[in-house]
Amino acid sequence: MDKALDTQVSIPSLEESLRLGQSFHLEFDGLPSLNGGYHLWGICPSQSIMVSAPQLKLTDELLNTSVKARLFIEQLDNACAFRTTVANLCSMPSNYLHLNMPTSIVT
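Numbering (the working numbering), first residue to last: 1 to 107.
Right, dumping it as structure tokens:
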């Protein structure tokens, strides 16, 4: 059972598995009031994952914040998780975040 927890999935598989509008549960280290559900807006291949953040007040405090992400990937028929950081904050057309593309995920 421990081996299943350590399974590594390559990033191209993650990129190919994500769907626009897909839900993510994000947990921001040190900022528990921001924890909750977010949605995939897009992907910058090999660079970042864009997630909606309409409820967030965008401040520089968020930059480089460590984030734990959890989601379900249908193609893998499994839940997965990864750690990343906030790479960029954007306010147009609506608030959203760029999360650095993780190097690995745990299923």
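Even glycine gets a Cβ: it sits at the ideal position worked out from N, Cα and C.
Computed from a prediction, not measured in an experiment: that's the story for all the values here.
Query	Result
So the beta strand (DSSP E) GLY36 belongs to, where does it begin and stop?	36-44
Check SER33 in the structure and name its three-state DSSP category.	helix
If you check the beta carbons only, do SER48 and LEU99 fall under 8 Å apart?	yes
What's the C-alpha gap between CYS80 and PRO54?	24 Å
Quick one: which unbroken beta strand (DSSP E) runs of 3-plus residues sit fully inside the stretch 48-83? Chain order, please.	48-52, 66-73
Determine the burial state of PRO102: buried for a count of at least 16 other Cβ atoms within 10 Å of its Cβ, exposed for fewer.	buried
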